[in-house]
Amino acid sequence: MPPTKEVKEPVFLRIGDAARMLGVSISTLRRLEKNGRLGAYGVRVYYTPTRRRRYKTVEILEALERSATG
5 MPPTKEVKEP
15 VFLRIGDAAR
25 MLGVSISTLR
35 RLEKNGRLGA
45 YGVRVYYTPT
55 RRRRYKTVEI
65 LEALERSATG
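Quick note: the sequence shown uses our numbering, first residue 5, plus one each step.
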């Protein structure tokens, strides 16, 4: 039997993907960043050399897990 391929989550997400996972709009995610509230959820914003926002998948998943367990 051939080995199965492991599907990996991307390390970084674009803003639209991160917003979708969090269940908020892109503008809400930008506003949370601007107001410094993302850090309270353990989510940091990373920028590409062209200044595009990226979010670590693991940080988004951990924030979702924390909010679910309350």
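Ideal Cβ placement from N, Cα and C applies to all residues, glycine included.
Here's a check: name, in chain order, each residue in its chain whose Cβ is nearer than 6 Å to the Cβ of residue i, leaving out the five neighbours to either side.
i	result
valine 49	Glu37, Arg57
Leaving out five residues before and five after residue i in sequence, what residues of the same chain have Cβ atoms less than 8 Å from its Cβ?
i	result
lysine 12	none
phenylalanine 16	Tyr50, Arg58, Tyr59, Lys60, Thr61
threonine 52	Arg58
Hey, residue i and residue j: beta-carbon distance below 9 Å or not?
i	j	result
glycine 46	arginine 70	yes
Let's test the definition: count the other Cβ atoms within 10 Å of the Cβ of residue i and tell me whether it reaches 16, buried, or not, exposed.
i	result
leucine 65	exposed
alanine 44	exposed
Measure the C-alpha to C-alpha separation of residue i and residue j and round it to an integer number of angstroms.
i	j	result
leucine 42	alanine 72	17 Å
methionine 25	serine 31	14 Å
Going along the chain, which residues of its own chain have a beta-carbon closer than 7 Å to the beta-carbon of residue i, five neighbours each way excluded?
i	result
proline 14	Thr61
From the DSSP output, which residues share a beta bridge with residue i?
i	result
tyrosine 59	Leu17
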